[in-house]
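Here's the structure we're looking at; comments come further down.
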Amino acid sequence: MAKIKQNNFLDTVNDVFTDAIDEGVLHLYADGETFTGRTIGVNNRKLFHFGTTGYLGLEQDSRLKEAAISAIRRYGTQYPLSKSYISNPLYRQLEEKVSEMYGNPVVITKNSTLGHLGVIPSAVKDEDAIILDHQVHWSVQSAAKVLKTRSVPIDMVRHNDLNMLEDKIKAYSNSRKKIWYMADGIYSMYGDYAPVKELKALSLKYPQLHLYFDDVHGMSWIGKNGTGYVMSEINELSENMLLFGTLSKTFGASGSVLVCSNKKMYNEIKTFGGPLTFSAQLEPASVAAATASAEIHLTPEIYELQNDLKKRIQYFNELVHQTDLPLIDKNNSPVFFIGTGTPTTGYNFVNRLMKEGFYVNLGLFPAVPVKNTGVRITISRHNQMQEIKALVDAMQYHLPKALEETHTDLNRVYQAFKLESKFKPENLTHENLTIRLENSISNIDKLTWNTSVGKNGIQDWDGMNFLEDTFSDNELKENNWSFWYLLIHDQKNQLVLAVLISSSLWKDDMLANTIASKTIEEKRLTDPYYMTSKVLSLGCLFTEGNHLYLDNKHPLKNDALNKLMATLEQLEKDSNSKMVTLRDFNEDDRLHSYFQGQGYFRVQMPNSCSISLRRNDSIEHYISELSSRSRKHFRKDILAHESSLEISVISELDKAQIIQVKKLYDNVRKNNLGLNTFSYPAKLFENMSKNPNWEFIIIKAAINSKDIIGVMFCYKNKNHIYVPSLVGLDYDNLLTYHIYRQLLYQTIKRAINLNFEHIDLGMTAAFEKRKLGAIVEEKHAYIQTSDNYTLELMGLLECK
12 MAKIKQNNFL DTVNDVFTDA IDEGVLHLYA DGETFTGRTI GVNNRKLFHF GTTGYLGLEQ
72 DSRLKEAAIS AIRRYGTQYP LSKSYISNPL YRQLEEKVSE MYGNPVVITK NSTLGHLGVI
132 PSAVKDEDAI ILDHQVHWSV QSAAKVLKTR SVPIDMVRHN DLNMLEDKIK AYSNSRKKIW
192 YMADGIYSMY GDYAPVKELK ALSLKYPQLH LYFDDVHGMS WIGKNGTGYV MSEINELSEN
252 MLLFGTLSKT FGASGSVLVC SNKKMYNEIK TFGGPLTFSA QLEPASVAAA TASAEIHLTP
312 EIYELQNDLK KRIQYFNELV HQTDLPLIDK NNSPVFFIGT GTPTTGYNFV NRLMKEGFYV
372 NLGLFPAVPV KNTGVRITIS RHNQMQEIKA LVDAMQYHLP KALEETHTDL NRVYQAFKLE
432 SKFKPENLTH ENLTIRLENS ISNIDKLTWN TSVGKNGIQD WDGMNFLEDT FSDNELKENN
492 WSFWYLLIHD QKNQLVLAVL ISSSLWKDDM LANTIASKTI EEKRLTDPYY MTSKVLSLGC
552 LFTEGNHLYL DNKHPLKNDA LNKLMATLEQ LEKDSNSKMV TLRDFNEDDR LHSYFQGQGY
612 FRVQMPNSCS ISLRRNDSIE HYISELSSRS RKHFRKDILA HESSLEISVI SELDKAQIIQ
672 VKKLYDNVRK NNLGLNTFSY PAKLFENMSK NPNWEFIIIK AAINSKDIIG VMFCYKNKNH
732 IYVPSLVGLD YDNLLTYHIY RQLLYQTIKR AINLNFEHID LGMTAAFEKR KLGAIVEEKH
792 AYIQTSDNYT LELMGLLECK
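So the sequence shown is residues 12 to 811, counted in the numbering used here.
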């Protein structure tokens, strides 16, 4: 398989969001002339509000409202001057009261996003390193990325993985002064916690470790003086910690707050902190409202409010516990997540709840993996007990309906979130379809296969027989692959769907950038399976082309696709795979909406190249029809060298030649860390030599030389398709003889001599192939995983 291009993250997000907008669950406008927090107007309907982040309801407190109104009357709607010059008179009192809350000096910022952009580049020095929890908020990740321009290393660990974090600390301990670990106190989607106490203990073990917490979702509803979850766990902020809280959300006003006990660092940040220096300051109304809220936080009333909310949280937990609703993380925060698995089910479920009178948030990519879509429910003091009970009853009733309408079930949801399921797997049978899953091509009718999936590439019946034999019973586990063949027929035995599926070990950085792979490969010198994972894929790592046959006109097409999805999920579980990849699809593929709704997102692959040939054509006529510019390149770079090279086509290699061609292939593999794969076993090249469907176009630099400088490994598909599947090159002679271009030309020449109708030139090097008349077509893959961390490693996503 060729290298997948770095994916455009914004295009992916736009695809997902556009679907959600079209389904009426995103980018909505609230209506109504007033807002109380208990209900919210949506599309002329009053819904009970279970989506607020104002957990204590302070945004509706009369004291905050009156303070804001008074400030506007006295100071206007804004104070249009940089805070570096002079602050609004109300600022001093706010800073004093918030400092009293925390027992430490604070910096008030316009919002947490600008706050992180101001603080992180000031606090983190060039000699430091940053390690991000994979789920830390986007605003922290975005601010940290700014430091790449200063060559500060930015690493990432799986969510709350302290073992992985400790390994990263050890790796940086000898080269970096401070090691900053950045995490949320409470995570905004699942409501789960950072292991704050354990992280503090780790910082005592490794003094270089500094902790940076974004605790905006932990603010006010917990902790002494409502200072948040992190402070409730550690009681006192040490000098190796920076803490962000918020003056918005639960606090009831707007703005955010940085708490810093290190006086030197505090002064540096406050003196010059990027956006903290140049951005406009908080509006007078916001400062006054925040001050009024801080006064409440400094009285025993805050604990009465916290307890009031706690009762509602406990009640919701008790009710959900009595149901089969897939609650993803059981905790005592006000944030809960009910999994739906696929986006399609999520859209259906949210719309059902809105029709029933409840507003909830849809949690979707990139905040969560696409296949881990679900409903985020937030509990606030606005919610009454009877409304909480009604919501749980509605969810219990409507989730099974949403699952049924979107052709999935609770077992698949539990499986998507890796939760222990008490439900039986979906029955793969269908009253109008015959579903057959085999693990060997020998069990499949040759004609059926060759006229469906086997129509291109090396995935015809004989090719799959070859691959099964080659990638089994090998010494190294990366060279042992599992294959499955799914065929779905209707009652008249008409083929509706057929697909090739495989599972094999991939390097997690297989598609990452070259620099990242070089670093990881150094670690693999001592640990060859460092950062590797099983991947379930349409096709396999050796095949290219369309691996899915689908009768698009068949009335049961969608039923067959739904059975394919269920089969993939079961195989993913059985094979212990971390990711599912559907490939290789055309740019205008009509399955895009379906795959996306099933929890896959599209990534761009390299262009695919092919050549269609006329029967009984000649190579001279073929070349004559190229453009004048291409013919000029042909004469200069290919024809001029052909006579000085020994070029042959052989069907069998001796032992010495097998060693040579494998070495040449490994040259190409090692030279392309952008597609970082395991080496193929010697058995592959031995089997090629024995198999009548394979032949080798060999180039030597001189007549009767024993040294091969170029080789094309070509497969003859039974459908009159010629497939140059692998290439091997001697890079010392590459430019001297233009070996790669010569091999492409000889491949076309050979296919014409064999009177083949088509050449599958595969992916990559589209520029070179186009010069020789190849048609270039854009290709896409669809990726599904419950772990966005792996996707980022593979270069398929930016930080979320």
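Each residue gets a CB set at the ideal place from its N, CA and C atoms; glycine is no exception.
All figures in this text were calculated on a predicted structure; none of them were measured in a lab.
message: If you measure between the beta carbons of residue 426 and residue 584, is that distance less than 7 Å?
response: yes
- request: Starting from residue 512, follow its DSSP beta bridges and name the residues at the other end.
  value: 495 and 549
task: Using three-state DSSP, classify residue 733 as helix, strand or coil.
output: strand
message: Counting C-beta neighbours from all protein chains within 10 Å, is the total for residue 566 16 or more, i.e. buried, or is it exposed?
response: exposed
task: Could you tell me the distance, in whole angstroms, from the CA atom of residue 63 to the CA atom of residue 431?
output: 30 Å
- prompt: Do the stretch 759-766 and the stretch 726-737 make contact, defined as three or more Cβ pairs closer than 8 Å?
  reply: yes
query: Using the C-alpha atoms, what's the distance from residue 682 back to residue 14?
result: Low confidence applies to residue 14: its pLDDT is 47, below 50, so where it sits in the model is not reliable enough to give any reading.
query: Are at least three pairs of beta-carbons, each pair with one atom in the stretch 376-388 and one in the stretch 342-357, less than 8 Å apart?
result: yes
- prompt: Which residues in the same chain have their Cβ closer than 6 Å to the Cβ of residue 244, if we skip the five residues on either side of it in sequence?
  reply: 207 and 208
- request: Decide if residue 594 is buried, meaning its Cβ has at least 16 other Cβ atoms within 10 Å, or exposed.
  value: buried
task: Within 10 angstroms of the Cβ of residue 544, are there 16 or more other Cβ atoms? Answer buried if so, exposed if not.
output: buried
query: Where DSSP assigns a beta bridge to residue 769, which residues make up the other side?
result: 623 and 732
query: With 16 as the cutoff for other CB atoms within 10 Å, does residue 226 come out buried or exposed?
result: buried
- prompt: With distances taken between CB atoms, is the gap from residue 497 to residue 448 smaller than 7 Å?
  reply: yes
task: Please list the segments of the alpha helix (DSSP H) lying wholly inside the stretch 80-142, counting only runs of 4 or more residues, in order along the chain.
output: 102-113 and 123-134
- prompt: Between the beta-carbon of residue 214 and the beta-carbon of residue 251, is there less than 7 Å?
  reply: yes
query: Candidates 532, 460 and 592: which alpha carbon is nearest residue 552's?
result: 592
- prompt: From residue 485 to residue 756, what distance separates their C-alpha atoms?
  reply: 35 Å
message: Since residue 158 and residue 116 should fall inside the 8 Å C-beta cutoff, what is the C-beta to C-beta distance between them, to a whole number of angstroms?
response: 24 Å between Cβ atoms; not a contact.
- prompt: Can residue 101 be considered in contact with the ligand MG, in the sense that its beta carbon sits closer than 6 Å to one or more heavy atoms?
  reply: As far as ligands go, the structure on display features none, and thus does not contain the ligand MG.
field: At least 3 beta-carbon pairs within less than 8 Å: the stretch 783-801 vs the stretch 605-619
entry: yes
task: Indicate the three-state DSSP secondary structure (helix, strand or coil) for residue 472 in the structure shown.
output: helix
field: Continuous alpha helix (DSSP H) assignments of at least 4 residues falling wholly in the stretch 311-367
entry: 312-332 and 354-367
field: Among 689, 135 and 445, the one whose alpha carbon lies nearest that of residue 516
entry: 689
query: Mapping DSSP to helix, strand and coil, what is residue 237?
result: helix
query: How about residue 413 and residue 376: do their beta carbons lie closer than 7 Å?
result: no
- request: Compute the Euclidean distance between the alpha carbons of residue 678 and residue 61, then round it to the nearest angstrom.
  value: 58 Å
- prompt: With a Cβ-Cβ cutoff of 7 Å, do residue 68 and residue 308 count as a contact?
  reply: no
task: Give the DSSP bridge partners of residue 60, in chain order.
output: 370
query: Do you know offhand how far residue 446's Cα is from residue 420's?
result: 19 Å
- prompt: Between residue 356 and residue 363, what straight-line distance do the alpha-carbon atoms span, to the nearest angstrom?
  reply: 10 Å
- prompt: What's the C-alpha gap between residue 810 and residue 238?
  reply: Caution is warranted here: a pLDDT of 40 is assigned to residue 810, below 50, making its placement in the model unreliable, and no coordinate value can be reported.
- prompt: If we ignore side chains and look at the alpha-carbon of each, how far apart do residue 450 and residue 579 end up?
  reply: 14 Å
- request: Following the continuous alpha helix (DSSP H) through residue 604, name the residue where it begins and the one where it ends.
  value: 603-608
- prompt: Would the stretch 664-679 and the stretch 629-637 be scored as touching if the rule is three or more Cβ pairs under 8 Å?
  reply: no
task: With a floor of 3 residues, list each beta strand (DSSP E) that falls wholly inside the stretch 194-248, ordered by position along the chain.
output: 220-225
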